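Engineer: Next up is a structure, given as structure tokens.
Protein chains in written order, with the working numbering: chain A, 7 to 304; chain B, 2 to 125.
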């Protein structure tokens, strides 16, 4: 260690802290195999990282252990940060939770602290100073790993929300002046707003007279979203289009009536087929079956 | 700025061009009522395509015009309400429940034609 390590020393004992950390690092290096095994054992005992196999746990544990010692040695968390981000990317899709990640880092902190107690138990004063040097660094490591894990998870969530938002509400024209909006998945406030916007723009762009909103794929609706739907229906009417809502499940129908949402202005039809038939009637279409089908198919 | 009112057969077309002051709105009401009486019009179309905001006074007045002309035997259709305006109006509780609306001028004319059961062009 020729160059000066970047150890965060807040008091005048900087030199002493450095010395202690150096000693600490060499202790951890010397006992690497034993401590690492102890740690991996404690991880499986505590039933953490159950999504990973024993071999995976051991190899990740080795990498984390080495980065951990590296941080103690250099005082820089950058390499650990990269590793933590990389690790998070790999284990998040496998369903590893925050408490597990925090749990394993705290376990390592505990395992190492115990080994320090054991080594310095004869000299209480020295033990105290070693812990003074060790604990801030260990806390910082725990923070870095947990922070990176949570940050990575939030990034994934944001990305997925973005993806859902993009494919969330198609506005389709099925006939001249007839639009269909199939809605799949949970409607929250934001999605409902986006739906309204796209629908009203769609009415203007396609010169629609009738719109069928199909909510067969919507499991539940709360009163805010229901009221928003009613407002959408009224706004569409202001633009000269009538709205038919189809596929209100019996559960949703019961909820809405119990909540007291006023749906008397809404034209509701049981299923999408009925909705399209009703829309064709409103538009004056008459659909008749051709006679080109083979007779057994009729 | 005064709103021009055009006569097209039995129908009057009032095409709002810019944002209206309260005075303009009252003037529009006067003009429409005067012309309905003079031309014995059967329908009125108020085109608000150019408005990207519609305050409560304007929308209340338009609704008033619709009610008044109905008393003179003429049906009013508001056309060209923009998507943003439509949703803002609904959120503010101005729903135009007893006023007819249509997408644009063409739609409004078609609507009146169906209701009046007579061609809109010609001597009127």
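Beta carbons: idealized from backbone N, C-alpha and C, even for Gly. Being a predicted model, the structure only gives us computed values, none of them experimental.
(1) How far does the beta strand (DSSP E) with residue 259(A) in it reach, from first residue to last?
(2) Residue range of the alpha helix (DSSP H) that residue 278(A) falls in?
(3) Would you mind stating whether residue 6(B) and residue 48(B) have Cβ atoms separated by less than 8 Å?
(4) Residues in the region 89-103 of chain B with C-beta within 7 Å of chain A's C-beta atoms, listed in sequence order?
(5) Which first and last residues belong to the beta strand (DSSP E) in which residue 248(A) is found?
(6) Taking Cβ-Cβ distances below 9 Å as the criterion, which residues of the region 60-73 of chain B are in contact with chain A?
(7) Would you kindly check if the distance between the Cβ of residue 198(A) and the Cβ of residue 236(A) is under 8 Å?
(8) Can you tell me whether DSSP reads residue 181(A) as helix, strand or coil?
(9) Indicate the three-state DSSP secondary structure (helix, strand or coil) for residue 127(B) in the structure shown.
(10) Mind listing the chain A neighbours of residue 84(B)? Cutoff is C-beta to C-beta under 8 Å, in chain order.
(11) Using 8 Å as the limit for Cβ to Cβ distance, is residue 108(B) near chain A?
(12) Determine the chain A residues that contact residue 87(B) at a beta-carbon separation under 7 Å, and present them in chain order.
(13) DSSP three-state label for residue 81(A), please.
(14) Is DSSP giving residue 15(A) helix, strand or coil here?
(15) Taking the alpha-carbon of residue 68(A) as reference, which of 135(A), 82(A), 86(A) and 272(A) has the nearest alpha-carbon?
(16) Let's see if you can read the secondary structure: which residues bound the beta strand (DSSP E) around residue 13(B)?
(17) Reducing DSSP to helix, strand and coil, say where residue 37(A) ends up.
(18) Less than 8 Å between C-beta atoms, sequence neighbours within five positions excluded: which residues of the same chain meet that for residue 140(B)?
(19) Could you check what DSSP says for residue 110(B) in three-state terms: helix, strand or coil?
(20) Would you kindly check if the distance between the Cβ of residue 273(A) and the Cβ of residue 258(A) is under 8 Å?
(21) Report the three-state DSSP secondary structure of residue 220(A) (helix, strand or coil).
(22) Are residue 220(A) and residue 176(A) close, meaning C-beta to C-beta below 8 Å?
(23) Please list, in chain order, all residues of the same chain as residue 156(A) whose beta carbon is under 7 Å from its beta carbon, the five residues on each side excluded.
(24) Out of 116(B), 111(B), 2(B) and 97(B), which one is the CA nearest neighbour of residue 61(B)?
(25) Hey, how far is the Cα of residue 101(A) from the Cα of residue 57(A)?
(26) Return no unless some Cβ of chain B is closer than 8 Å to the Cβ of residue 197(A).
(27) Residue 33(B): which of 78(B), 90(B) and 51(B) sits nearest, CA to CA?
(28) Does DSSP put residue 124(A) in a helix, a strand or coil?
(29) State yes or no: is the C-beta of residue 218(A) within less than 8 Å of the C-beta of residue 152(A)?
(30) Using a Cβ-Cβ cut-off of 7 Å (strictly less than) and excluding sequence neighbours within five positions of residue 125(B), which residues of its own chain qualify?
(31) Is residue 281(A) a contact residue of the ligand HEM, with contact defined as CB to any heavy atom under 7 Å?
Structural biologist: Looking at the atomic coordinates:
(1) Unbroken run through residue 259(A) is the alpha helix (DSSP H), 256-265; no beta strand (DSSP E).
(2) 278-289
(3) no
(4) 90, 91, 92, 96, 97, 102 and 103
(5) 248-252
(6) none
(7) no
(8) strand
(9) Within the shown structure, residues of chain B are numbered from 2 to 125, placing residue 127(B) beyond reach of any answer.
(10) 203, 206, 207, 209, 210, 241 and 245
(11) yes
(12) 206, 241, 244 and 245
(13) coil
(14) Confidence in residue 15(A) is poor, its pLDDT being 42 and thus under 50, which makes the residue's placement too unreliable to answer from.
(15) 86(A)
(16) 12-16
(17) coil
(18) The question about residue 140(B) has no answer here: the residues shown for chain B are numbered 2 through 125.
(19) helix
(20) no
(21) strand
(22) no
(23) 104
(24) 97(B)
(25) 7 Å
(26) no
(27) 78(B)
(28) helix
(29) no
(30) Caution applies to residue 125(B), whose pLDDT of 38 falls short of 50 and renders its modelled position unreliable; the value that the coordinates give is listed next. Answer for residue 125(B): 10 and 11, listed in chain order.
(31) Among the ligands in the structure shown, none appear at all, so the ligand HEM cannot be discussed.
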